[in-house]
Each structure stands twice: as structure tokens, then as C-alpha cells.
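Colleague:
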Amino acid sequence: MTDGVWRSFRFFDSEALAAASSLAELNVVCSCLTPTSLVVGDCEGQVLFLERHPASTAASPGGRWCFQAYAGPVTHIRYCALRNTLITIGNDDAVHNTILRVWDLDQLVALYRGLLGLSPADVSTSVPGASAADAPLRWRPPCQEHRILPASKGASGGASSAHASCEEAPLVTILLDESKQMQCHFKPSCTTAGTLSPSPTGNSTAKGFSSHAGEAGSTGVVSCGSIRSAVVSFDVVPDLSCAAVGLVTRDCVVLQGDLAKERSVRVLTIRSGLAKGALTFVGLPSMQLATLWETKGGDHASDISGGGTSAFSFLTDSARALTRSASASKVDCSGDAVTAAGVQVLYTVYEDVVTCWALRANGNWSEYPCPTSSGGAPRFGAALTSRGELLVLCKQAASHATTGSRVVRLGPADPASSVPVPYDPTMKSCVHPIHVDHVPGRCFLYTHRQYLVLLVQHDGRPEQFQLQCLDLAYRIRGLSRPQETYTNCAMLLADETDMLVLFLDPAVRTRQLALRGVRLREADTQTKLELLFSKECYGIAQQLAQTMEGADPTLQLRIRKRYGDYLYGKRKFDEAMAQYVGTIGHLESSYVIQRYMGSAHMEQLIRYLEELHNEKQSAHTNVAHTTLLLKCYIKRKDEARLKAFIHRDDVRFDAKNAIEVCREGGYAAAALHIADRYAAVYDCARIRLYDMQEPLETLSYVRTLGIDEAEPICSQLGKDLLLAAPRATTELLIELCVHWKGPGRRLVNVPALPALAPDAARFPTCTGDAIGGGPRHPHHANASAFLHIFVDAPVCLMNFLRAVVESGVLNEDAATPAPMQMAVEGNAATPSSPAPHSPTVTSGPHAVLYNTLLELYMTRELKSTLRLVPQTTAATAGAVSSADATAEFPLEPYKRRLEQARTFLEAYKGRYDHYLALNLAHQHGFEDGILYLLRLLGLSEEILGYYGAKLNDSNSTPAERHEATAKLFQACQDSPASDSSTTTMWMTLLSQLMRTAKTESLDIVKVLDYIEAHDALSPVVVLQILSSGPESTLDLRTVRNYCQRCLLKQTQQLQEVLAQTSQRLGEMERIKKEVVALQTSAVVFQATTCAHCHQVLDTPTVYFMCRHAFHHRCLYTAAECNVCAAAHRRQLDTTREAAQHDLPLQNPSNFAAQLFQDVKCGRDATDEVAGAGAGRNGRTPQDGFRVVADYVARGALGAPPPYKDAGPFGCQSPTVPHHPSGSHQRGAAGVAGADDLDTW
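Count the sequence shown with full-length UniProt numbering and you get residues 1 to 1240, in order.
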């Protein structure tokens, strides 16, 4: 900072003060700025408010307004924005002088507007020397008054000596050129005599101002050099908790407490024990900006006499804890720590030394020297910045030999920091000298925001002044040459908004004081940045944008982009890349990448891409960036940086793409690390299998995963794993489908797992089901999802399915979904138990597994592999010579597998597809399986046809024919008697026996005895079959016994029917008599209790002809008996159904007519709109096919066949039984003429 180049920019715009005309009419002594007004204190004790801006919209009374603050001149004035108060110091008379008054501007404005009901006349009586005529103009609002110099005695420490003579009190600076000020005088006023009259005490020499006022009273002109004050400098804390007033006697009066409340203020007078020169400046930094942490206590000057100094630091709340330990270790902790909240820091600058004070809340204080190398500073040579830093101008003035001055800054090392940094002003490391170039002359030091404002009076021409605004952080001159020159400057005012430079009006040729002003307003940030860009000061522009409050967040990024383009044009590629890195997220990454594409700039490109993958910038990274970065590493063969990049914890990238790039480059270890880091389990397994050629390690890795991860991996990599390690892979799949030893499923009842591989779409998944369908079990997978893996390895598939089936896990899953039922034609009973009338065969959800295993058992030639051309894969390309990897299952003999098939059919019946199993048994010639499945399915006709083929074989031996006949007989016996197909089976059996020439009579007798004993066939049908053979050579004795037994049974049945008929006729006669009795004779009702509630009957009572009586309230229906109604309805329904069933036999012509009418109505109904009226008999019209099917079922299309109970008497059953398929049963002639089983 001490040696550098100062750059000049025009950061300020100049314009004339809006209140210049009003200011020229005033006798200005002191002034200050408020947000809306320029406040002026004049020589008559008035405080005037002038509009600061040309078009102010602030809530002010408007225009120019004033109030009377003192009877004498107002010498000092200060505005506190935090409390919106005005603090003034002035004189009333020779006795009441140096009075500090605090004015509440909010209350002041309200009074001025008359909001509180007080008129100026009500408050003007307290103004000394004011007449009644001046009351409307000279009114004093309420205020808090604090006396700096009491009238009873002088200020402590020699302050009273200042009153001894007027020459010792310095001038109140109105013009910075004192010689010019002595020549000027104020404008005459009509109230000058009254206001500036001598004090009533007559002591004209008690105060310098009073003696000059007496002179003025005779001449009518007041000189500007007559305004003097004992106050050299004063400052107030923004919250009015403390004020410091520096006196000409080197004393400093401190007021502690709330200045707005008189009773709470403590007044202290302190004097430095280190300084020998005059006091020139006092400053009170805010306690929020400057906080003292001290560990050494002491009172008054005792700390100095002790020989030691205590260090203190300016700390913020966040930094107090950080520096507490350092401060405690740096000083001798001889007392208790004083809390920082109770200590106020005070700077005092003397001509020979700079000191700081610790003002405690209890009234104690301590003084500490500041190690400035140049000592103190002259008057107007020190100032406080808004950050609590002290700027001290060296007292050596500039000369012709030295073209500048040295300014000492007490503060942190970096003045451009956006957050105040703790520092210790008693340490030399916190003292920073600054060299400022300017013309030779006297310097006046001010501050504005972050600027050091230096006003220099020329040595040779004292009326000429040079103004400089210096930015200490960036070493910038903020004013242009025309803005630096002023004539006869009076004072400089600055706040956070702008600066005002007041000077004598050059147009006024008289010696009267007439001031004009120039307003210097700082340019907006965009203008400043454009000026910085014009001189290529991009670094300063960046720092300036960082310190801005409420700036556009993209401003810094735009500066970086512009700076990077500038450096790139200068071919400073590394520096340009440093700027481009800071624009990530704002500047399109392709803009930078395109500039640095090429081998010459690959290092810079790698740096940019690495920063792009940083965790904070991961949102702006895509797959192309990761690919490019990894390819840069691979192209440079920089394996170390590649490993370092993938091992970084602060980078995020697309793992899938990074893995593919590393695999393509041959860095399998790097790809494996990325996959393991990002939990890409599929990629981990794939890299181990294809790139590292380690199938067994891959299987070991899969065993460590959860079932959710292992299931898709095995489904997609299983083929290649099975090819590389058949037995080990099969055992892993068995573990996966039986009981997985690793972690179970996290969520069982959620949709299927997401795809982990690029080609996962080839494997279909079902919502709510596991891979391959079926329920999701928490500890095992669905085996059907892995069948495609074994498409070329039947031996492994057989061992896999056998292990899964024998484990019993499929039984648990079969209970979850509803079983699918398939109807079976040709109903029969199983060998073990009788089947129901409509048997069904249940096929479970895992039927494909059982079917596949059964087929493998029945296959005659089972090969280890079905692959004709070996597949070239990464796993097979590597020479995997491990015995464990190439181990396979041994081949089992065919006979043993057939035995397992027989056991399988019986043990797992109902879980495989029986019809598919029957087809497979026929295909592979498995005779035992065929017969078992035919019995299981109840296909009796197929069984008869199977055995009938052997019976008709001319080459069969008698033993074989006898065995076939026995099996046919046994099959017919096993059929249930209630089944309609049983009749057909017996008819077929007799036909087969009659067509066979070598049939023994004993076999026919045996069949006839069973038919007669169980009433399986009608005798007429049996006789027709026996007599319709091609070569009927049966002896009469073969059928004689059968016919005798049938006739005897028919006779017994006839007698039973006649007896039953006689009984029913008698019952009908009895009922007729009862009806006649009810119609012709009276009925006596003797019931006394209700048949429903069994209580005594009372009116109203209801009696029925059935002798039942009820309360009217107990009846369900008023016209029906509660007891007999149900039986009556059943009887009516039975009668109605019988009549409907007998309709075709009673009136065939009407039945046929009704058929065609219903068919026609059903056909027309299909063309009608929804909601049509009901058809005939109140029924809704149906489609034609349904009508025809209904009438066919009722016997409309055929003659009734012979029945089993049709005997010699010609009696036939009134009903027409039908085959379940809808066709009529064949007669005996058709059965006898049937050539084979297919006819049935």
C-alpha cells in the first residue's frame, strides 16, 4: 500500500447546491447534513434548515425554516441519524457558554407544524434578550441541555483559564483561510443589537465573543473573526450513549449516558498523561464497530504510571470469541476481565501523540498510546472512517522538496474487506502509512464512505484549494482535474450520500460572508465499472463489486468473464482460466471449452473441467464434461491424476458415463473404484466379469449384495457367468431363489426394481411383481426370472429347478395369488379319491418351473450344453483355468431320471400343467406318465382307447389281452355312477368285448354282473349291444341270469310304483273333502294366542283357514300366514317348474312356435337401442345364439334316446338327459357300430 500507482478516475459528478441562493443570505458559522436538509447554525444563535435536494419528497416542513437555539452564536453542530437528533454547542451569554443541547427533530417538526398545539410564543420566553415582537421568529423548542463549562467554576484541569482572556480561545473555523476569515464580516441584521448585546452582568471581557459583540453594537457590523470557542473538536456516539468534547486546554470532557435524558448523564473531565501538545481531535467509534476486550483494569492515569499498556481490539460479535484467547495470552491477566459491552473507545489526537481511551460504564477510564511513527497531527488532520478506523495526517506539511503528505491508518491490513476485521491499534502491525501526492500546502483531512478526502491549501496562493478523494483500498483518485480546484473554501461536509464543498461566492465583491456550495455525488456502480474497464482495471472492478451491498449477483461473474477475455487476448491463458473458473454457472461452459480445445491448452482445460466437477458446481456438469475430462487424462496417460480425480470427495459426476470411459481406456481399476463409490453394483459385477475376467470373484461380490441388487445382476449377466463358471453360477442362483443369505428386500410391496443396466429394457417387469412375475418375497427371488439363463445348459437347468422345487419355497408363493382353474373335458375320478361332478385342475403361478423340470426328467438324451458355436465373450476370451470355475454337474442316467419323473408326478400333482405334461409324456414315450395323467385328469375314454388298442391287436398274447381287459374293467369301475360319462364307458367296454373274437365268456359275465349290480346301463341297451356284434356267438346261459335279475327288479319297481300311486290317490281324496268342508260348512277358530309372538290375542286379530291366528301387527304380509307362507311358495315353485319342463311333451307344436318366435325377437333385439322394452313373458330379449342354445338344452332338436329304466313295459323317463357338451347320447346301435374311441 505504501508504494503503488494511484489511478485517476472521475467517480464523482459535480452539481451546484440546490439551496445556494438561500445559503448566500445566511451568516453561516457551522453546518451539517441530514438526509433531507442542510442544517446551518448562524452567528445569532439560530439553526436553519435548507432543502438539500432540488426536489425533495422527505417529510420536512418544507422550504426554509429555523428555530432559536442560543442567544449567542452556534459554534458546533452534529447530526445523529440513528436517533434522528441534532446536537449543537453554542453560547447564550458570558456566563452561560459552551452549552451542549440535544434536539429531537421528530418533535421539532411536529412543533413547527403545530401538531402538539404549542405556538412559538409559548416557547419563546426562555430566549434571553428576545422581545415580544421577535416571538414569532425566535422560538426555542424543548431540548436536553448539558453544560460543558459550568458557570459556577471553570472546567477542571485549567479550563477556567480559557475564560481569562478572549485571545486564548481559538477561532471557530468558518473559512479555512484564517486571514480571509478575519477580513470578512457577517451581514447586518435588525436583531443584531438585541441578540448580540452585552450580558446583564456588564462583564464585557468575560468572553471574547461578548467584547466583539459590544464593538459590533456600535458599528452595526460583526466580524467573522469575532466568533471564538473553547471547543476544539467534539464527537457523539450514534446512539447518544456517549459524547466527547475536546477543549483548547487539552482537557476532554466526556458525557456518559443517554444524552437525551439529562438525569442519566455523567460528566467526566480527563487529561492525557502522555501528550504535551495541544488537543486537535477527539473521535468516538460506534460500539458495534469498535469494541474493547481488555484484561487489565485501572483507574485514571494509574495505568500509564505502571509502565505497562493494555491491548484492545475492535471486534465484531462474531470475532470476539476468536480473539479472546489471543488477547488473554498477550497481556498479563492481573484482574478480572471487563466485558466488551461496557467499554467505549475514545481516540484523542494531539500535536505530538495519538492515544486511545477505554471509557468504562462505571466512570473509570484508561489511556493507551498508539505507535504512530510521526507522532500526532495538527488541527483538521485526523478523522474517523465509517468502519471505526482512524486516519491521522502527519503534522509535517508538504514543501517544494516533498510533493505530498503521509497519512497513517490505524486499522486492519486489508481495508477492502467487506466485514470488519479485529485489530489492535496499540500494535505496530495495525499502523499502515500511506503516501499521498498533492501540491505543497496545508492539508485538511476528512472522510467520506471508503474515501480519504484531502483538502490542500496552496502555500503560495492561500485562496486556492485542491480537493482530492482517495480510495485507500484500491489506490484510486476519484475526482478529475476540474473537480479538484476551489477558491476560498469554507468547510467540507460529507455523509453516506454525497459531499458538499462550501466556499465564498466569487461573484460577491464585498467583504460580507456569502457562501455557495458544490455537491459531489458518487457515480453509480455501472459507471464506475465502465471507467475501470476502460483502463483495464479488472482486478479493482472485482473487488469493488464484492464490497457492494445489494448488487446484482451476476455482476461479479460478468466482470470475471470480461477480465478472462482480456487476459485470453493477451495470451495469458493461465490467468484467463483462473477468471473463467469463477464464471462457472453463469458463462456457458462450451464457450470456455471451445477456446481451450487442443493439445496446447490441455492443462488449462483439465483445470476448468475439474472445477466444473466440483461439488458446488455439480449442477452445471453433464455427461459430455465428464467424458472430456476423463479422455484428457487418458490421452495424456496421466493415471495418477485420473486416480486423484476419481478419489476426490468434493467432485460429483455422472458415474455411469465415467465408468464407460474408463473401461474403454483400459483403466478397469479406476472404473471399478467409481462403480464401488457410487454404489453401481451392476457395473461392479460387469467390470469384474468382462474387464478383469474374474468370474468367481464376481460371484463372491454378488453374494455380498442385497437381494434387490443381486436379482437384476444375475438376470442380466447370468448367461456369461454360467458359461464361465457353470456349477458355481448355478449354486449362486439356487441360493438366490431358495434363501438369500445377504440382506433381504427393503420394500416388498412396491413395484419391481428399476433397471440397472443399459439393456435392462429387454427383461420385462410387472408393476407390483418381482422380476419374472409372481409375488415378491423378502428373502428369495422368483426362479422363473432366470430360466433364460439356462437356455443352452439343460443339465444346469435341471439341477437348478430340482433344488428350487425340493426346497419348498414355491409352496409358500403358491398360497399368495388366486389359483387359475381350467375346465377339463371328459370328467372322471382320480385313482385315489372320487372327483366332483365338475372337476377342475389347478395350475399354480410357478407351473412353468414344474413343467420344465418334468420335461428334463423325461428327455432321453440330456446334453451338458446345446451351444453349437461357442460365444466369444470377455469371460471366455480370458483363459480361466481354475478347476472351481469350470466345474460342471455330472450327467444322470435316463432310467434314474424316469424314476424321478414318476415320483414328481405324484408328489407335485396340481402344480404343473397336466395337459402339457400329458403331451410331453406322449412326445417322449413315457407310458407310466401317460396312464397316470389320464387317470388324474379323468379322461376315461382315452384310457379305454389306450387299452382297447392293445385288445384289438392281433399280435397280442392272451395274457396281454386278459390284462388289458382287466384294466378296462377296473377303469369303468373307478368311474362315478352319478357321472353321465360312466354310461358311455360301459357301453364302450361291451362294444370292445363284442368286437374282439377271442373274448372269453367269463369276462362278459363279469361285466354284466357289475352292470346289473350297480344299475350302470339299461337292460334294453345291454341286449342291443350284445346282439349287434359282427359275429354274435354268445350262449344263452351267458346272459340268462342277467335277464332274470333285471326282470325281477323291474317287477319289484312296478309294485312299488302302484303302491305309491294308490297312497297318493287316497291323499288327494282327503284333500278334496277338506276343501269341500271349508266351502260348505262353518269354520270355528279357537286359537287364543298369537302364532308368532305367543301372546294372548287382542284386537285387531287376523285368522287364517289353516287355523293360525295372529296379531295384525305381527304379520309379515297381510294376506299370508307367517307359518304356512314359505311352504306354500315352495309348492307353487315346484308346480310351476314341472309345468314349464313338461311343456315340450304336452304341446310340441306350441313349443316349436315359441322357439321360432323367441329366435326372431332375439335377432331383432340386437338392432334395438339400449333400454328397449322387455320381450315376451316379461323377459328381456336375448341374442339369437343364446335363445337357440337354451332351447337345445331343453330338448327341442332330437328324439329321446333309450334310458336305463326303459323296460319291457315301454315306460320311458319323462326327462331328456343330455351330454354336458350339448349333444344327445348315442343309442345302442350307434355304440355297437363304433369302430374306435374317436367316435365318442
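From the three backbone atoms N, C-alpha and C, an ideal C-beta is built for every residue, glycine too. On a predicted model such as this, the values are computed, not experimentally measured, just so you know.
(1) Nearest to residue 1081 by CA position, among 1105, 1060 and 1063, is which residue?
(2) In the DSSP assignment, find the alpha helix (DSSP H) that holds residue 597 and state where it starts and stops.
(3) Flag this pair as touching only if the stretch 538-550 and the stretch 500-512 have three or more C-beta atom pairs under 8 Å; answer yes or no.
(4) Which first and last residues belong to the alpha helix (DSSP H) in which residue 928 is found?
(5) Hey, how far is the Cα of residue 261 from the Cα of residue 93?
(6) How long is the line joining the alpha carbons of residue 476 and residue 9, rounded to whole angstroms?
(7) Which residues in the same chain have their Cβ closer than 6 Å to the Cβ of residue 1092, if we skip the five residues on either side of it in sequence?
(8) Near residue 1191, what residues of its chain come up, given a Cβ to Cβ distance below 7 Å and the 5 sequence neighbours on each side ignored?
(9) Check whether the stretch 13-30 touches the stretch 67-77, counting contact only when three or more Cβ pairs, one atom from each stretch, lie closer than 8 Å.
(10) Please say whether residue 502 and residue 517 have beta carbons closer to each other than 9 Å?
(11) At the level of alpha carbons, what is the spacing between residue 373 and residue 270?
(12) Determine whether the beta carbon atoms of residue 685 and residue 701 lie at a separation below 9 Å.
(13) Helix, strand or coil, according to DSSP, for residue 369 in the structure here?
(14) If you run the structure through DSSP and keep just helix, strand and coil, what is residue 941?
(15) Rounded to a whole number of angstroms, what is the C-alpha to C-alpha distance between residue 556 and residue 434?
(16) Determine the closest residue to residue 802 out of 855, 791, 525 and 522, with distance taken between C-alpha atoms.
(17) If you measure between the beta carbons of residue 796 and residue 729, is that distance less than 9 Å?
(18) Measure how close the beta-carbons of residue 185 and residue 229 come, nearest whole angstrom, since I'm counting them as under 8 Å.
(19) Please confirm whether residue 587 and residue 580 have their CB atoms less than 9 Å apart.
(20) DSSP on residue 923, reduced to helix/strand/coil?
(21) Over the uninterrupted alpha helix (DSSP H) stretch that includes residue 639, give me the two end residues.
(22) Secondary structure at residue 691, three-state DSSP: helix, strand or coil?
(23) Per the DSSP calculation, residue 457 is bridged to which residue(s)?
(24) Taking 9 Å as the threshold (C-beta atoms), are residue 11 and residue 469 in contact?
(25) If we call anything under 9 Å between Cβ atoms a contact, is residue 696 one with residue 718?
(26) Cβ atoms of residue 259 and residue 102: under 9 Å apart, would you say?
(27) Secondary structure at residue 620, three-state DSSP: helix, strand or coil?
(28) Which residues does DSSP pair with residue 433 in a beta bridge?
(29) Alpha carbon to alpha carbon, what distance is there between residue 913 and residue 964?
(30) Sorted by chain position, which residues of the same chain lie with C-beta nearer than 7 Å to residue 1012's C-beta, five sequence neighbours on each side aside?
(31) Quick one: give me the first and last residue of the alpha helix (DSSP H) that residue 178 is part of.
(32) By a C-beta neighbour count over all protein chains shown, 10 Å radius and 16 as the cutoff for buried, is residue 1054 buried or exposed?
(33) Where residue 143 and residue 87 are concerned, what is the direct C-alpha to C-alpha distance, given to the nearest angstrom?
(34) For residue 574, which three-state DSSP category applies?
(35) At which residue ranges does the stretch 13-61 contain complete beta strand (DSSP E) runs of 3 or more residues, listed in the order of the chain?
(36) Assign residue 425 to buried or exposed, taking buried as 16 or more other Cβ atoms, counted over all protein chains shown, within 10 Å of its Cβ.
Modeller: In short, the structure shows the following:
(1) For the purposes of this step, residue 1081 is taken as the residue at position 1081 of the sequence shown. Selected option, being the one with the closest Cα: 1105.
(2) Locating residue 597 in the sequence shown gives position 597, where the first residue counts as 1. Neither: residue 597 is in no alpha helix (DSSP H) and is coded neither H nor E.
(3) no
(4) Residue 928 sits at position 928 when you count from the first residue of the sequence shown. Run containing residue 928: 927-937, per the alpha helix (DSSP H) assignment.
(5) In the sequence shown, the residue the question calls residue 261 occupies position 261. In the sequence shown, the residue the question calls residue 93 occupies position 93. Cα to Cα, the separation comes out at about 24 Å.
(6) As a working note, residue 476 is residue 476 in the sequence shown. As a working note, residue 9 is residue 9 in the sequence shown. Those two C-alpha atoms are separated by around 7 Å.
(7) Position 1092 of the sequence shown, counted from the start, is the residue given in the question as residue 1092. Once the five neighbours on either side are set aside, the close Cβ partners of residue 1092 are 1110, 1114 and 1122.
(8) To locate residue 1191, count along the sequence shown from 1; it is residue 1191. Within the same chain, residue 1191 has close Cβ partners 1155.
(9) yes
(10) Reading the sequence shown from its first residue, position 517 is the one you call residue 517. Reading the sequence shown from its first residue, position 502 is the one you call residue 502. For residue 517 and residue 502, yes; Cβs fall inside 9 Å.
(11) Stepping through the sequence shown from its first residue, residue 373 is reached at position 373. Stepping through the sequence shown from its first residue, residue 270 is reached at position 270. About 25 Å.
(12) Within the sequence shown, numbered from 1, the residue matching residue 685 stands at position 685. Within the sequence shown, numbered from 1, the residue matching residue 701 stands at position 701. Going by C-beta atoms, residue 685 is nearer than 9 Å to residue 701.
(13) Residue numbering aside, residue 369 sits at position 369 when the sequence shown is read from its first letter. Residue 369: strand per DSSP, three-state reduction.
(14) One-based indexing of the sequence shown puts residue 941 at position 941. DSSP places residue 941 in helix when its eight states are reduced to three.
(15) The sequence position of residue 556 within the sequence shown is 556, counting from 1. The sequence position of residue 434 within the sequence shown is 434, counting from 1. One C-alpha to the other measures close to 29 Å.
(16) Residue mapping note: residue 802 aligns to position 802 of the sequence shown, counting from 1. Looking at the Cα atoms, 855 is the closest of the given residues.
(17) Within the sequence shown, residue 796 is the residue found at index 796, counting from 1. Within the sequence shown, residue 729 is the residue found at index 729, counting from 1. In this structure, residue 729 lies closer than 9 Å to residue 796 by Cβ.
(18) Within the sequence shown, the letter at position 185 stands for residue 185. Within the sequence shown, the letter at position 229 stands for residue 229. Between residue 229 and residue 185 the Cβ distance is about 18 Å, and since that is not below 8 Å, they are no contact.
(19) Here residue 587 corresponds to residue number 587 of the sequence shown, with the count starting at 1. Here residue 580 corresponds to residue number 580 of the sequence shown, with the count starting at 1. For residue 587 and residue 580, yes; Cβs fall inside 9 Å.
(20) Numbered from its first residue, the sequence shown carries residue 923 at position 923. Correct three-state label for residue 923: helix.
(21) Position 639 of the sequence shown, counted from the start, is the residue given in the question as residue 639. That run of the alpha helix (DSSP H) goes 639-646.
(22) Along the sequence shown, read from residue 1 onward, the residue named residue 691 stands at position 691. Three-state result, residue 691: helix.
(23) What you label residue 457 is simply residue 457 of the sequence shown in a count that begins at 1. DSSP, once it has assigned bridges, lists 442 and 465 as partnering residue 457.
(24) Within the sequence shown, numbered from 1, the residue matching residue 469 stands at position 469. Within the sequence shown, numbered from 1, the residue matching residue 11 stands at position 11. Closer than 9 Å, so yes.
(25) To locate residue 696, count along the sequence shown from 1; it is residue 696. To locate residue 718, count along the sequence shown from 1; it is residue 718. Contact flag unset, no.
(26) In the sequence shown, residue 102 corresponds to position 102, counting from 1. In the sequence shown, residue 259 corresponds to position 259, counting from 1. In contact: residue 102 and residue 259 (Cβ atoms closer than 9 Å).
(27) Counting from one through the sequence shown, the residue named residue 620 turns up at place 620. In the structure shown, residue 620 sits in a helix (DSSP, three-state: H, G or I).
(28) Residue mapping note: residue 433 aligns to position 433 of the sequence shown, counting from 1. Answer is 408, bridged to residue 433.
(29) Working through the sequence shown from its first residue, we reach residue 964 at position 964. Working through the sequence shown from its first residue, we reach residue 913 at position 913. Whole-angstrom Cα-Cα distance: 28 Å.
(30) Numbered from its first residue, the sequence shown carries residue 1012 at position 1012. Only 1042, 1045 and 1046 meet the Cβ criterion.
(31) Stepping through the sequence shown from its first residue, residue 178 is reached at position 178. Element bounds for residue 178: 178-183.
(32) Taking the first residue of the sequence shown as position 1, residue 1054 is located at position 1054. Classification for residue 1054: exposed.
(33) Counted from its first residue, the sequence shown places residue 143 at position 143. Counted from its first residue, the sequence shown places residue 87 at position 87. Rounded to the nearest angstrom, the two C-alpha atoms are 10 Å apart.
(34) Start at 1 with the first residue of the sequence shown, and residue 574 comes out as number 574. The answer is helix: DSSP assigns residue 574 an H, G or I state.
(35) 28-33, 37-42 and 46-51
(36) Sequence index remark: in the sequence shown, residue 425 carries index 425 (1-based). When all chains shown are included, residue 425 counts as buried.
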